[in-house]
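Report on the following structure.
Structure (structure tokens):
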């Protein structure tokens, strides 16, 4: 079985968020399992500057409305390919700047969605499965059923993974002609969405299987509250909708071998975590008591991630005697809101705007409690990374957080974190107070840490679930081929 992963970002090549971690780690795990797998990405400037790439010499022509745009196929390893087009991808950022999205994102990713099948044909790579990811590749399944409905892709089946329903690739209807699709696709049953075009919807109506990144999120997006206007489309495809929980790279996120933290530790000997905490406190200029809990947040500064209720709760967190570290970047509104906290809560709060990979490792390694009060969370990786480092999550019971964090029960002394349901500062503070109270009982807290650290969040488990889905599609294709043989037709 030959697998192609098409994505707009993947580690280690290009990253803006969790999508890159998921696609890059899944690709890496498939290689580890000895699978025949290929990765396709746009050739961004950051890739050209950081990696030794070579031109394959293959050129492809992509029709975008009234013009033709040339793409160039580059590669690094035999199984990683990049679609080059300087007009679209030779930029400092992947999707936009602090001022907003690039105005030609429709052109950029319609081009990429056509370039992937064109590249496969030019390379002679017949895929059994093309695994697409989010709206940036949502048109590929539809293109394979229309424009590229040919013998080369006759046995190719598609999987579309929704990483976040909040991002759908919605553009003005004037961009529809760029797709090359017939106008019969511009309607409610097609890719039309309130008078515009919706590239994620293209994948939802045409992919053979749709997956999300947690089982709870799969159920949630069938409702208007979480479906972001596409819940009706998803309910029609409910039989083809599956939830596969993400994993994390347990080699990168390994507290016993992590070179970014000052001292290693594991679930059998957690003494090194005390060193990590002490040095992190000094690095951040905090003056909290030695036995006070150190609370942290690492992530995108957005309402989805709950930074608004963290900001509203900061004063009460500090009043508990705890220290708070916030690392992230995102919406200017929230960057401005929290940037003054270092002075406002001097010695108790450390805010660092931006993303520093090494510092993130030290925060995970040295913190006691990790905040993930997301408004919604398709899966989330932070809570899994935190547990791997014995840093206990306080999280809202939604999406993948509900699937991966077991709520602490003080009566049975069980669980791996603290969950709350209502999205507001009061509920968050109540959950933090329970965690801080539990932290004061050192024996119980140590058992809680060790339970969390023993959880298996490796990609192998998730990769096997995907392979089972691929196998089911390939089996259906074989049955279809058997039924269509001339003998059977006769």
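Numbering (my numbering), first residue to last: 472 to 961.
All C-beta atoms in this analysis are idealised placements derived from N, C-alpha and C, irrespective of residue type, glycine included.
Fair warning: this is a prediction, and the values are worked out from it, not measured in the lab.
- [ ] For residue 522, I'd like the list of residues in its chain whose CB is within less than 7 Å of its CB, leaving aside the five on either flank, ordered along the chain.
- [x] 484 and 547
Task: Cβ-based burial, residue 922 [other Cβ within 10 Å; buried from 16] - done: buried
TODO: Indicate whether the contact test is met: 3 or more Cβ pairs, each with one atom in the stretch 637–653 and one in the stretch 908–917, closer than 8 Å.
DONE: no
- [ ] Report the rounded CA-to-CA distance for residue 627 versus residue 823, giving the unit in angstroms.
- [x] 46 Å
Task: N- and C-terminal bounds of the beta strand (DSSP E) containing residue 509 - done: 507–513
Task: Nearest-angstrom beta carbon gap, residue 631 and residue 609 [assumed within contact, 8 Å] - done: For residue 609 against residue 631, the beta-carbon gap comes to about 7 Å, under 8 Å, which counts as contact.
Open item on the list: I'd like to know whether the C-beta atoms of residue 525 and residue 541 end up nearer to each other than 8 Å.
Closed with: Judged by their CB atoms, residue 525 and residue 541 are not nearer to each other than the 8 Å cut-off.
Open item on the list: I want to know whether the stretch 836–843 touches the stretch 753–773 - three or more CB-CB distances under 8 Å.
Closed with: yes
Task: Which of helix, strand or coil DSSP assigns to residue 832 - done: Residue 832: helix per DSSP, three-state reduction.
Task: Inter-stretch contact (C-beta, 8 Å, three-pair minimum) for the stretch 559–569 and the stretch 584–599 - done: no
Open item on the list: Per DSSP, what are the beta-bridge partners of residue 815 in this structure?
Closed with: Residue 815 pairs with nothing; no bridge assigned.
Open item on the list: Could you check whether the stretch 794–812 touches the stretch 723–730, counting it as contact only if at least three pairs of C-beta atoms, one from each stretch, sit closer than 8 Å?
Closed with: No contact exists between the stretch 794–812 and the stretch 723–730.
Task: Cα-Cα separation between residue 889 and residue 622, rounded to whole angstroms - done: 53 Å
Task: Per DSSP, the bridge partner or partners of residue 768 - done: 797
- [ ] On the DSSP bridge assignment, give the partners of residue 719 in chain order.
- [x] DSSP output for residue 719 lists 929 as bridge partner(s).
Open item on the list: Quick check on the DSSP output: what are the complete beta strand (DSSP E) runs of length 3 or more inside the stretch 665–700, in order along the chain?
Closed with: 667–669 and 680–683
- [ ] Measure how close the beta-carbons of residue 580 and residue 677 come, nearest whole angstrom, since I'm counting them as under 8 Å.
- [x] Contact annotation, residue 580 with residue 677: C-beta distance approximately 16 Å; criterion of less than 8 Å not satisfied.
- [ ] Within 10 angstroms of the Cβ of residue 852, are there 16 or more other Cβ atoms? Answer buried if so, exposed if not.
- [x] It counts as buried.
- [ ] Assuming residue 476 and residue 498 form a contact by the criterion Cβ under 8 Å, report the distance between their Cβ atoms to the nearest whole angstrom.
- [x] The C-beta distance from residue 476 to residue 498 rounds to 5 Å, short enough to fall under 8 Å.
Task: Contact belief for residue 940 with residue 713 at Cβ below 8 Å, rounded distance in angstroms - done: Right, the Cβ-Cβ distance comes to about 6 Å (below 8 Å), so this counts as a contact.
TODO: Kindly indicate which residue of 742, 867, 641 and 690 has the alpha-carbon position closest to the one of residue 573.
DONE: 641
- [ ] List the residues that DSSP assigns as beta-bridge partners of residue 663.
- [x] 668
Task: Exposure of residue 679, with buried meaning 16 or more beta-carbon neighbours within 10 Å - done: buried
Open item on the list: Judging by CA-CA distance, which residue of 883, 727 and 817 is the nearest neighbour of residue 925?
Closed with: 727
- [ ] List the whole-angstrom C-beta distance separating residue 770 from residue 799, where the pair is believed to meet the contact cut-off of C-beta under 8 Å.
- [x] 5 Å
Open item on the list: Looking at the secondary structure, which residues open and close the beta strand (DSSP E) in which residue 529 lies?
Closed with: 525–535
Task: Top-ranked residue by Cα proximity to residue 942, from 577, 536, 493 and 629 - done: When the alpha-carbon of residue 942 is set against those of 577, 536, 493 and 629, the nearest one is in 629.
TODO: Would you decide whether residue 961 is buried or exposed? Buried here means 16 or more other CB atoms lie within 10 Å of its CB.
DONE: Any reading at residue 961 must be qualified, since the residue scores a pLDDT of 49, below 50, and its modelled position is unreliable; the value itself is stated next. So residue 961 ends up on the exposed side.
Open item on the list: Using a Cβ-Cβ cutoff of less than 6 Å, which residues in the same chain neighbour residue 556 once the five nearest sequence positions on both sides are dropped?
Closed with: 542
TODO: Answer yes or no: do residue 865 and residue 829 have a C-beta to C-beta separation smaller than 8 Å?
DONE: no
- [ ] Could you tell me which residues DSSP pairs with residue 906 in its beta bridges?
- [x] DSSP, once it has assigned bridges, lists no residue as partnering residue 906.
Task: For residue 785, the nearest candidate out of 896, 860 and 709 (CA to CA) - done: Among 896, 860 and 709, the Cα nearest to that of residue 785 belongs to 896.
Task: Sub-8 Å separation of residue 625 and residue 473 beta-carbons - done: Not in contact: residue 625 and residue 473 (Cβ atoms no closer than 8 Å).
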